[in-house]
Structure formats: structure tokens, C-alpha cells
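In my numbering, the protein residues as written are 3 to 313. Just so it is clear, CB atoms sit at the ideal spot from N, CA and C, and this is done for glycine as well.
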Ligand code: FAQ
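The structure is reproduced here in C-alpha cells:
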């Protein structure tokens, strides 16, 4: 027998209405959301590092100002998402501890290095492009605070994607060496950006339930298809080649056929064995420890303000 509360929850979901923090929800729904939203928040925070690597070396003052603004947006998205996760009953301290202990996941994509300036272009174009494809449907996620956070995040991501596209376009209109640098970055980021959407549908244990709860609206493979469909005409404008010789549009099925993603590599990265996993976590851990005095000072200041106003 299902309870009245559960019936109401099911009705809200069926009617495309939103679940809010104080509403009753199944424990598994709460857990799934904490998992996904905290992983998403961690991705934004760890995701600041690959691009942070180029802030001091951006090729002009203008490029530097833009890149700084983008990385700051990522910090903002992370904080926004941690706040959304906190409405589900987990504290920020717990989430941060899970991340720095290496118990939490964050997107595989941020474990790849950024050796050249063109990587800033490829990240904007491909990584933010994939993020938009994945996150626009999340604006309609059934959990209110998550869906609303996504609206603002997506607006900022589209600016990020345009700036990446524009970096690549500038390089592609430059010297032979600059064109080679742009193509090399696209070659290195293309496959990992496809893997951002997660494992194939038949190996995605969470998808069915998350779709039934209307957290996810499309499957991992459906979103990957959409992403490739977006990239193909843009790659043509850029003049870059997508590094998949098997990629072609199949008129009959209306789908893109593509080469096989290296799933062994993907799962290795998830297990902590990607090219930069250790470095990324170490950096976050050090930043957290170095920032301890700031958190303590802020907490002490808040305590004094509260006791002063109580007088
Ligand atoms: N990396 O059953 P599924 C950004 C895990 S965008 C690592 O399919 P689900 C913006 C998955 O967690 C990047 N782990 O799982 C930016 C699960 O493990 P668990 C962040 C992955 O949740 C741009 C297991 O595999 N975006 O940060 C990945 O239904 C530039 C089985 O998978 C989001 O987080 C992966 N790629 O679908 C920032 C979007 N894929 O938890 C800076 C929100 C899968 O059971 C610079 N998240 N896994 O132990 C989602 O939409 C979903 O969580 C998916 C995965 C689609 C990522």
C-alpha cells in the first residue's frame, strides 16, 4: 500500500510539477539528487583548474579578462549547486570532505591536461558545448532548486561556449602553426567530451529511475547524439576535422553513426587513474587546507556580529 504522501509525490511528478525542499520525497529520490547535484558541483569546482592553468599566460589582456570571468562563473556554479544540494539535508562540509578524501565523483573530463592555449578554445567549444546539451533539459528537472539553478547556469554556459568557439576560430584564421594547434586540441578533447554524457544506455544503471523521476529527461546516448549533431556544422565553419573517421549521418535512421568511445579509458579515469586525477585532487586539498583560516575568521566574525546584535 502506498502512503498518501507517496501518492502526492507521484502526482506532482506525473503532472510536471516541482518537488520542493519541504515536500515529502522517497529516500532514494533524495539520495539520487544529492549524488548528482554534488557530483555536478564538484565538477564545476575541479573544472576551474584546467583553465586556471592559463590565466597568467593568456595571449592578451582581453583574453585574460574573459578567461578570468569564465573561471569565476564556474566557481559561482559550484556554490550555487552546493546550495541546491544542501536543501536536501547534506552539509557543505560533508560534501567537501567527500571530495578531498577522493570518495566523491566529478566529471571525467577534468582529468585531462591543458598543455596549449588552444585547449581553452577546445574546452569552451566542446566541454561547455557538452555541458549545455546535458544541462538545458535539466532546467526542467523535477526538483525545484536544481532546475532553477540550471536556468542561470545554462545562460552562462552559452557565453562560455561562444568564447571557446571564437578562440578556435581566431586560431583557425591564423598561421599554419596556430591551425595545427587548434586541430590538435580538438583531437585531444573530442572523445573525452563525448564521454561526459556517461556510459552507453545499456550500461547506465541510474538512467531509468532518474528518467522516471523526471530528473533526467533524455538518456545518455540520446544527448550524445544531439551533441554530435550540434558539432558537425560548427566544425565545418571552424574548418576543423572531428577525429572520428566513422562519423556519418545515417539518413534512414536519422542518427549519427560514430566510432566506439574508449570505455576502458573512461572507467579507468573514474577509478582515479586518468592523466591528472592525482594532481587535481591534491590541488583542491591544498587549497582547502590553505583556506582554513579564512573559514575560521568568517565564522568567528559571524559569531561576534550575532552576539553584538543580541546585546
Ligand atoms: N564522469 O548511471 P549513469 C561542467 C558516473 S559539466 C564521471 O549514467 P547518471 C561545466 C555516474 O556518476 C560536467 N562520472 O549515471 C564546466 C555513475 O556513478 P555513481 C558536470 C560519470 O548520474 C565546463 C556511473 O558513472 N556535469 O562541469 C560520468 O544517471 C567547463 C554510472 O552512470 C554534470 O554533472 C562522467 N562523465 O548520469 C565546468 C551534469 N558519467 O554516481 C568547467 C549533471 C557517468 O552511481 C569548465 N549530471 N558517471 O557512482 C548528469 O547529468 C548525470 O549525472 C550524468 C551521469 C549524465 C553525468
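Secondary structure at residue i, three-state DSSP: helix, strand or coil?
{"i": "residue 205", "result": "helix"}
{"i": "residue 21", "result": "strand"}
Buried or exposed: where does residue i fall if 16 or more other Cβ atoms within 10 Å of its Cβ makes it buried?
{"i": "residue 139", "result": "buried"}
{"i": "residue 152", "result": "buried"}
{"i": "residue 69", "result": "buried"}
{"i": "residue 234", "result": "exposed"}
{"i": "residue 296", "result": "exposed"}
{"i": "residue 33", "result": "exposed"}
{"i": "residue 313", "result": "exposed"}
{"i": "residue 239", "result": "exposed"}
Any heavy atom of ligand 1 closer than 8 Å to the CB of residue i?
{"i": "residue 108", "result": "yes"}
{"i": "residue 162", "result": "yes"}
{"i": "residue 157", "result": "no"}
{"i": "residue 207", "result": "yes"}
{"i": "residue 76", "result": "yes"}
{"i": "residue 271", "result": "yes"}
{"i": "residue 197", "result": "yes"}
{"i": "residue 144", "result": "no"}
{"i": "residue 229", "result": "no"}
{"i": "residue 1", "result": "Absent from the model: residue 1. The displayed extent of the chain is 3 to 313, so no value can be given."}
{"i": "residue 137", "result": "yes"}
{"i": "residue 132", "result": "yes"}
{"i": "residue 222", "result": "yes"}
{"i": "residue 38", "result": "yes"}
Measuring straight from C-alpha to C-alpha, what distance separates residue i and residue j?
{"i": "residue 60", "j": "residue 220", "result": "37 Å"}
{"i": "residue 71", "j": "residue 64", "result": "11 Å"}
{"i": "residue 43", "j": "residue 191", "result": "21 Å"}
{"i": "residue 264", "j": "residue 306", "result": "55 Å"}
{"i": "residue 86", "j": "residue 134", "result": "19 Å"}
{"i": "residue 215", "j": "residue 179", "result": "49 Å"}
{"i": "residue 31", "j": "residue 105", "result": "20 Å"}
{"i": "residue 160", "j": "residue 308", "result": "41 Å"}
{"i": "residue 2", "j": "residue 256", "result": "Outside the shown range of the chain, which is 3 to 313, sits residue 2, and nothing can be said about it."}
{"i": "residue 94", "j": "residue 197", "result": "28 Å"}
{"i": "residue 15", "j": "residue 99", "result": "32 Å"}
{"i": "residue 77", "j": "residue 47", "result": "6 Å"}
{"i": "residue 150", "j": "residue 81", "result": "14 Å"}
{"i": "residue 146", "j": "residue 176", "result": "46 Å"}
{"i": "residue 126", "j": "residue 302", "result": "39 Å"}
{"i": "residue 45", "j": "residue 136", "result": "14 Å"}
> Which runs of the alpha helix (DSSP H) fall wholly inside the stretch 93–134 and span at least 4 residues, in chain order?
Replying inline: Inside the stretch 93–134, DSSP marks whole alpha helix (DSSP H) runs of 4 or more residues at positions 94–102 and 120–124, from first to last along the chain.
>> Extract the residue ranges of the beta strand (DSSP E) inside the stretch 185–259, only unbroken runs of 3 or more that lie entirely within it.
In response: 250–252 and 257–259
> Going along the chain, which unbroken runs of the alpha helix (DSSP H) with 4 or more residues stay wholly within the stretch 21–74?
Replying inline: 29–48 and 50–54, all fully within the stretch 21–74.
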